[in-house]
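>
Numbering (my numbering), first residue to last: 510 to 640.
#1: Are the CB atoms of residue 543 and residue 584 within a distance shorter than 8 Å?
#2: Report the rounded CA-to-CA distance for residue 576 versus residue 582, giving the unit in angstroms.
#3: At which residues does the beta strand (DSSP E) containing residue 544 begin and terminate?
#4: From the DSSP output, in three-state form, read off residue 582 for me.
#5: Going by DSSP, name the residue or residues bridged to residue 522.
#6: My understanding is that residue 518 touches residue 613, with C-beta atoms under 8 Å, so please give their C-beta distance in whole angstroms.
#7: With DSSP run on the structure shown, which of helix, strand or coil describes residue 612?
#8: For residue 566, which three-state DSSP category applies?
#9: In this structure, what does DSSP give as the bridge partners for residue 656?
#10: Who are the near neighbours of residue 625 in its chain, counting only those whose CB is closer than 6 Å to its CB and skipping five residues on each side?
#11: Just how far apart, CA to CA, sit residue 513 and residue 562?
#12: So, helix, strand or coil for residue 557, using DSSP?
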């Protein structure tokens, strides 16, 4: 499945953080959903990382210290509500598994875009690293 198959569709993921050697293991997976490709400044690094991901296929992504906001771009604030470990400024390895990719009604797309703008998504002074 490529990025063209995902544009303007709702993607559902399991996302977890791999803990370092001291903590061992990983966090409990959190299920998140987003509409792919609605950012006004193009795809976030996260969306690029999952662009060719197939259903039930996991990937692991290493993110540098203080790089989470820039990595998730306009999605960062809404994802933090579901993934509290994202608030950390520490480097981390995220596990991501695509669960579903479904078409949505245009109204849901408009609502998601409005939500991004309300929360200070791209094209605003949000501090999310999207500029």
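Using N, Cα and C, we set each Cβ at its ideal position, and we do this for glycine too.
Working from what's here:
#1: yes
#2: 10 Å
#3: 539-544
#4: helix
#5: 541 and 607
#6: Distance from residue 518 to residue 613 at the Cβ level is roughly 7 Å; contact confirmed, criterion being Cβ atoms closer than 8 Å.
#7: strand
#8: In the structure shown, residue 566 sits in coil (DSSP, three-state: anything other than H, G, I, E or B).
#9: Not covered by the structure: residue 656. The range shown for the chain is 510 to 640.
#10: 583
#11: About 12 Å.
#12: helix
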